[in-house]
Each structure stands twice: as C-alpha cells, then as structure tokens.
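Start counting the sequence shown at 20; every next residue gets the next number (the numbering used here).
Read the structure below first, then the notes.
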Amino acid sequence: MDDFRTASGVCRGFRAAADVVAVLGIPYAAPPFGAHRFRAPLPVPAWTGVRDCTRFGPIAPQSAELPGAPVWSPGDEDVLTVNVWTPAPDGGRLPVLVWIHGGAYTFGSSAQPDFDGTALARAGLVVVTFNHRLGFEGFGHIPGGGATGHPDNRGLLDQVAALRWVRENIAAFGGDPGNVTLAGQSSGAASVACLMVMDRARGLFHRAIAHSPASPAQTLGMAAATTREVAAAAGCPATREGLTSMTPRDLVVASDRVVDDYRRDPASGSRHYDPSLYAPVLDGDVLPTDPLTGMAAGVTRGVDLLVCHTAEEYRLFDAVGSSAKVTTERQLDLFSADFGLPDGLMAGYRAVMPQAPVLDVYLAVFGDLLFGEYTNRLAEQHTRGGGRAFLSRFDRRRSGPDGVVRAWHCADVPFAFGNVDDDSATFPIGGAPTPADQELSRRMVRAWADFATTGDPGWSPVTESASGARTWSTDDKAAGDLPAVPRELWAAAAFPLLRP
C-alpha cells in the first residue's frame, strides 16, 4: 500500500511509475470560502480513515480553460491542496523541490500536465506542487481589510501555508524538511522572489529557482484602484460588505470585463498592452518590501538563487493573441511613453535590430521589460546583498513547418521538468521533441536536481553583473552571449515596475 501519514490524516497515493509514487490533492489548509473567504488560510481539519489521493484537487476560481488541465466549477471549495511525487516512499531524506505555477496570478493550477513531477523524482528529488488562491480571491484588495482580518496578498499567504505543510509533513514522504528548494515560473517565479523577502516565509526554504519572474507589483493605491474597477464591473460597492456579497464567479466575470475594457482602449495606458489586473501588493505587512530592494539590503543572502529567462519571452503572448499589436512607429512611441521607458532605449533596440519590423522591436523590448531585465536584476541585487546567484538563459530554437520555433515564455518549463515527450509540450516547444531536445531536457533536469541537492547547478555564480550566464540550447552555444548593448540601454530604467 502506498499510504502516508500526515499531521491531518492518512493519504493513499498510486504508482505514477515503477519507481515513483504520486499522492495528489492533499489538503494543506481549510477551504477558503464561506466564513473563511478573503481571510488568511486556516488549518485543515483532520480526517479519519484513509483519504484517497489519486486525483488532483479542485482548482482556484478562474475563467481559463488550459489544455489537459481541469477547469474551475462554481462550488469547488477545497482548492488549497498539495501534490507529492516521491521516489522514496519507504523513507529517506531526499532534497525537496516545491513548485509554484504561473498564470499572471489569475489562472493556472498544479494539475497542468507540464508540472508532472515524475521525471524530477527519478532524478532524486521529492517534488511538491500546489494550488493557491488566484485573481481577486487571492490578490484583490479589500478596503480596510487588515483591520477586519481580510489581508492583502492572500495568495502569498496560501503559499506560506503550503511551505509550512511541507516542513511538517514531507519527511513522511522521504523528503528532507531541512533541504527545500522553492521554484516557480512567471508569476510563480515572482512569487518565489516575494517569499524570499517575507518574514513569514523565513526558514521555510533554503534555495530558490525563478524562471521568467514577472516584474509588475502594485502599491496599495494601485490595488485599491483595481478594486474600484472590479466592483464597478460587478455592480457592487467597493467595500468589504459589497465585495463579500459577490460570488467567486461574479468577481471572475467582473475581472475579465475590466481586462477586456483595457484591451479595447489604446488610450488606457500601460495596461492596454497586457492587462494583468493582479499582482503582489506592497502592503508593508505580508510583503514588507519589493524583492529587488530586499535583496540589495541583504535580506535574502542566506538563500541560493537560480534564475532563468527565455530569449524571446513576449513572442508567446503575441502568438496567443493576449497582447496588443504594435505595428507602427507612432504606436511604438506611445508604448514607450506609457511605460516611461528611458530616452534612447528604442533607438538602441532599433540599432541592434535594424531590419526588424516594428512588431518585432516591440516584442523584444516588452519581453525584456517584463521578464529579461528583471531576471538579470534579481541576480545582480541578490549578489550585491551578499547572496549567491546563478543566471541562465533559454535560447533553444529550431525550424518548423511554420517557420522558426521561438524561445518564448513557458518553452523552458517542459525541458526543466523532463516532460518534453508529453502531448501538452507540443505547442510550447513547437512540435514533437527531437533527440537533441531530449538531451537538452536531461541537462536541465540534472541542473535543477544538482542545485536542489547541493546549491551548485553546474556553472559559476554571478559576480558584480549579470554576465557569464549558462545558455540552454540544443546546439551548445557558448555561455555569456547575452546581448550587452540592450542591457546597457536599461541602466536608466526604474524597477520594480509599478503599473497603474
């Protein structure tokens, strides 16, 4: 029997492979609805008997329908669950890797096929993934909430609760609670960076991996403005009473309506280009400071950091139609003004890309603004604060029937998880994997496993600047080939990126 005793009760998993046991949908906190809605996570009630944990738990309220993943159904409440893959069901003290999924803090779940932990478990890790509150439920601001027990950053508090569950229970699955690596991609990676500077998460993990961390954060004023917009779209007062009277579905629909309004209005400012409504809030309590500031001050020096970004991050958002089209010089100038980009930055990119269409320049700049430059700065600031950081860049490309397959946002994830053969990877990697793709995946899995085990992914750490990165590709490009000229152009750009 593949049974495991947790602090709340016994769970029964199943054999995901001959040498790996998976245990899915284990509650780590009470359902965050009813009287618990918009509050910090509470302990999960204990159960008697053996709980069947052979299926993923329900996902958080959202409107997204992602390939191969479950969809949210109104009435699903037990959304705060973890999943474990272990190669050591009979004991052991293996390093633990805890994964936070991405999705702009608005969609996604741990049940996405990309995040199956079997291959990483075979590499010698105990792998944990989990769901947390998203959208307004997880990151919406409740006016006066701190005084009434409705804090900001509830999604981050869920993540802390999941890490506490790991500390208290992972030994039962063969994992070492004293050797935990926290990892994530996109908004999940940005969450990792936030948790690194949060007092509530101190000591709950020992290393961190952040792939394509997203830079936007919100001040309290910005979060309050978003609440007013969502409340107006929902037809309720922007008050605690008004918002709690709305169902989770009401607020999902209202949030989507606000996003659509930004997409349709080119004069709506920075959110027109990529209208993500929710992000961690710099509330001075749950999130006391932004990660760049905290890292530079040395708050995170005791946690080794491995960061990665892709060479063409924003190409994905253009391909799936979630970003505004910028195809004229006038639109490009407006984009630059809306984000307050430094003088000369656009001219510098044009000099590096002299024959490129306007759309290509826009996508390159926006990808570096949101992901690439922020990733580099995380590595630099962590190093300046006395920490150890390793930098990498995913630049795997190949020719396909529709042209060049891009090294875009999310393309690195199936490689690092060892899941390039899964059908879910066909779109992000541009078709069936080649033998060279499979070899690249093996190298990336090994780097993650080695970093989680020893803190050394296999190359030298960053020194004074984010240079000398490992480049992940199928043709073994030389390391250290990050484009130096565009990086210099970002010197005058202010981060963190605070988008109104």
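Built from N, CA and C at the ideal position, the CB exists for glycine as well.
Quick caveat: nothing in here was measured; it's all calculated off a predicted structure.
Opposing strand residues paired with residue i [DSSP bridges]
{"i": "Gly28", "result": "Thr25"}
{"i": "Trp491", "result": "Phe413"}
{"i": "Pro46", "result": "Thr100"}
{"i": "His328", "result": "Arg412"}
{"i": "Ile78", "result": "Bridge partners of Ile78: none, in fact."}
{"i": "Arg34", "result": "Val40"}
{"i": "Gln204", "result": "His230"}
{"i": "Val115", "result": "Val145 and Val199"}
{"i": "Gly391", "result": "Paired residue(s): none; Gly391 is not in a bridge."}
Rounded straight-line distance, which links the Cα of residue j to that of residue i
{"i": "Val305", "j": "Val211", "result": "14 Å"}
{"i": "Leu508", "j": "Gly363", "result": "7 Å"}
{"i": "Thr200", "j": "Trp467", "result": "10 Å"}
{"i": "Ala383", "j": "Thr312", "result": "26 Å"}
{"i": "Arg17", "j": "Ala257", "result": "With the chain covering 20 to 519 only, the question about residue 17 has no answer from this structure."}
{"i": "Met372", "j": "Asp284", "result": "29 Å"}
{"i": "Arg56", "j": "Ala88", "result": "25 Å"}
{"i": "Gly254", "j": "Cys30", "result": "43 Å"}
{"i": "Phe385", "j": "Ser460", "result": "27 Å"}
{"i": "Pro307", "j": "Arg152", "result": "20 Å"}
{"i": "Leu353", "j": "Leu61", "result": "46 Å"}
{"i": "Ala510", "j": "Arg489", "result": "22 Å"}
{"i": "Asp495", "j": "Phe434", "result": "The pLDDT assigned to Asp495 is 42, lower than 50, so where the model puts this residue is not dependable, and the model offers no usable value."}
{"i": "Asp441", "j": "Gly68", "result": "35 Å"}
{"i": "Leu223", "j": "Asp177", "result": "13 Å"}
{"i": "Ala430", "j": "Glu260", "result": "42 Å"}
{"i": "Cys72", "j": "Asp337", "result": "38 Å"}
{"i": "Gly367", "j": "Arg141", "result": "46 Å"}
{"i": "Gly321", "j": "Pro376", "result": "45 Å"}
{"i": "Ala498", "j": "Thr329", "result": "Because the pLDDT at Ala498 is just 39, under 50, the model does not fix this residue reliably, and the point stays unresolved."}
{"i": "Ala503", "j": "Val147", "result": "Per-residue confidence for Ala503 stands at a pLDDT of 48, beneath the threshold of 50, marking its modelled position as unreliable; the derived number appears in the next sentence. Taking the straight line from one Cα to the other gives about 37 Å."}
{"i": "Pro162", "j": "Leu296", "result": "17 Å"}
{"i": "Phe446", "j": "Gly168", "result": "43 Å"}
{"i": "Ala54", "j": "Ser264", "result": "12 Å"}
Residue j beta carbon less than 7 Å from that of residue i
{"i": "Asp293", "j": "Ser342", "result": "yes"}
{"i": "Met314", "j": "Gly404", "result": "yes"}
{"i": "Val117", "j": "Val40", "result": "no"}
{"i": "Ala408", "j": "Val481", "result": "yes"}
{"i": "Asn188", "j": "Thr346", "result": "no"}
{"i": "Val432", "j": "Pro452", "result": "no"}
{"i": "Ala540", "j": "Ser27", "result": "Look at the range of the chain in this structure, 20 to 519, and you will see that residue 540 is not part of it."}
{"i": "Ser289", "j": "Phe358", "result": "yes"}
{"i": "Trp104", "j": "Gly136", "result": "yes"}
{"i": "Cys327", "j": "Ser443", "result": "no"}
{"i": "Arg74", "j": "Leu99", "result": "no"}
{"i": "Pro51", "j": "Arg268", "result": "no"}
{"i": "Trp214", "j": "Ala208", "result": "The identity of residue 214 in the sequence shown is Leu, whereas the question assumes Trp. No, the pair does not count as a contact, with Cβ atoms beyond the cut-off."}
{"i": "Ala227", "j": "Leu324", "result": "yes"}
{"i": "Asp414", "j": "Ser479", "result": "no"}
{"i": "Arg425", "j": "Arg334", "result": "yes"}
{"i": "Ser82", "j": "Val271", "result": "yes"}
For residue j and residue i, believed in contact at Cβ under 8 Å, the rounded distance
{"i": "Leu144", "j": "Leu113", "result": "6 Å"}
{"i": "Ser274", "j": "Ala233", "result": "Not quite, the Cβ-Cβ distance comes to about 17 Å (not below 8 Å), so this is no contact."}
{"i": "Ala123", "j": "Pro515", "result": "16 Å between Cβ atoms; not a contact."}
{"i": "Leu360", "j": "Ala512", "result": "7 Å"}
{"i": "Gly76", "j": "Asp109", "result": "Gly76 to Asp109, Cβ: 25 Å. No contact."}
beta-carbon residue i near the ligand GTP non-hydrogen atom, thresh 6 Å
{"i": "Trp184", "result": "The ligand content of the structure shown is nil, which means the ligand GTP is not present either."}
Scan the region 224-276 and note each continuous alpha helix (DSSP H) run of 4 residues or more that stays entirely inside, going in chain order.
239-253 and 259-263
Within the region 279-317, note down every full beta strand (DSSP E) run reaching 3 residues or more, in order along the chain.
The qualifying runs do not exist here; there are none.
Please specify which runs of the beta strand (DSSP E), each continuous and at least 3 residues long, are wholly inside the region 118-161, giving them in chain order.
145-149
Whole alpha helix (DSSP H) elements within the region 411-478, 4-residue minimum:
432-436, 445-448 and 454-473
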